[in-house]
Each structure stands twice: as C-alpha cells, then as structure tokens.
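Below is one structure, written out as structure tokens; comments come after it.
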Amino acid sequence: MSKLLYSVAMSADAFIAGPGGDMSWMAAHLEPNPPMDDLPGKVGALLVGNRTYRGDDPNKGTDEEGAFSGAWQGPQFVLTHDIPDTAEPGVEFHDDLHRAVAAARAAAGGKYVSILGADVARQCLRAGLVDEVLTIVLPVLLGDGVRLFEQPGGGSVRLEQVSVSHVPGATNIWYRVLN
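Under our numbering, the first residue of the sequence shown is numbered 1, with each subsequent residue one higher.
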C-alpha cells in the first residue's frame, strides 16, 4: 500500500510559506540537493490542498514550474470544498479527506503519496493517515507565514527520526510518524 509522505521545504523558523501563502522567498534558497534528487521518482501521486494548488509556485513561468521543481509529473488529488465545474487533465477534486486519500493511494501504485499544503497535512496528521514526514530546512528566518504544522489548542504528533543529511544550503530530516 502506498504511504503518505508530508514532504516540505521550510524556513529555519518552521514556515513553509510566507505571509499570505507567498512562496517566492523559496526560489533564492533552492539549490541542488543530491540526497533528495531521487524523491520525485518515488512519488506516484500528489494529495494537494486547495490553497496550495491555486497558490504561488516559486518557479512559476520557468522550466522548473510545478511539483518538485518541475521534476514530477502525474496524478494530483486536490482536497477542496469548492469543486470546479470543469475538469482539469490529471487532476481530481475531492471534498472528502478519506476519499481523496484512498483515490491518491490507488493511483500511486505502491509509490508515495506526497502531501502538499499545511492544512491538508494537518488534517491527515490529525486523522492518523501520515506515515512519514520529510522536512528540508532552508537557511532563512521568515518571521511570519504558514507554519509547517499548527494545531490550535495544542496536540502533538510523535515522530521518530529516520535520517538526517546535510548539503550546502539545506538540512534534510526524514521522520517516521508514530501513531
């Protein structure tokens, strides 16, 4: 069965996007990261939040536009309460978390389902659906924006560190979620 992976680049103060969901800050910090270069080949489907799907891409208008800096192509499953009337090639819209996850897992063919978006990741974590978390920590402090994980009123998710790798300009930390 395909595992759910919350993979995300973030600032050293744990923001994955700046104020208003701005992702442009990231472009200046995306350098080659050999330990992560093979990740797109391990992903079979994306589970994407609506804001992320419609949001800023730090590589918009370049050859690197899209998931994993344009290195990944495949099915996307967008979790949204506002399902569009017209279909988009390669994209399915769902208004139910469990149905979206099931569809993404089926499409992933045993590869990872990569979760993109803080809100959909939070929902998956709260539901106990996430198997692994990969954080790529970039050397910048944003001070405000969208946090990696935020749970109003508290609530923790236990993680077990699987690996850590350092490259110039980033630290990659891979965790297993302990349920």
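The C-beta atom is built at its ideal place from N, Cα and C for all residues, glycine as well.
Taking C-alpha atoms, which residue in A103, V162 and Q76 lies nearest to G90? Among A103, V162 and Q76, the Cα nearest to that of G90 is on Q76.
Might you give, ordered along the chain, the residues of its own chain that have their beta carbon closer than 7 Å to the beta carbon of A108, omitting 5 neighbours on each side? If we look at A108 and ignore the five residues flanking it on each side, its Cβ neighbours are S2, G44 and A45.
Could you please give me the residues that DSSP links to A170 through a beta bridge? DSSP output for A170 lists V167 as bridge partner(s).
Own chain partners of P139 with C-beta closer than 8 Å, once the 5 adjacent residues on each side are dropped: Cβ neighbours of P139 within its own chain (closer than 8 Å, five residues either side excluded): A12, H29, G169 and A170.
Cβ-Cβ distance between L4 and C124 below 8 Å: Closer than 8 Å, so yes.
Once DSSP output is grouped into helix, strand and coil, what is the label at H81? Secondary structure at H81: coil, using DSSP grouped into helix, strand and coil.
Does the stretch 147 to 164 come into contact with the stretch 116 to 134, if we say contact requires no fewer than three beta-carbon pairs (one atom in each stretch) closer than 8 Å? Segments in contact, yes.
Just list the beta strand (DSSP E) runs in the stretch 69 to 135, keeping only unbroken ones of 3 residues or longer that don't cross its boundaries, in chain order. The stretch 69 to 135 contains these whole beta strand (DSSP E) runs: 76 to 79, 91 to 94 and 112 to 116.
CA-CA distance, A106 and G18? Rounded to whole angstroms, A106 to G18 spans 33 Å at the Cα level.
Expected contact under 8 Å - CB spacing of L47 and L79 to nearest Å: Contact check for L47 and L79: beta-carbon distance about 7 Å, within the 8 Å limit, so the pair qualifies.
What are the boundary residues of the alpha helix (DSSP H) that includes L46? For L46, there is no enclosing alpha helix (DSSP H); the enclosing beta strand (DSSP E) has its first and last residue at V43 to G49.
Please report the straight-line C-alpha distance between A104 and V113, rounded to a whole angstrom. Cα to Cα, A104 sits roughly 6 Å from V113.
What would DSSP say about S7, mapped onto helix, strand or coil? Three-state DSSP puts S7 in a strand.
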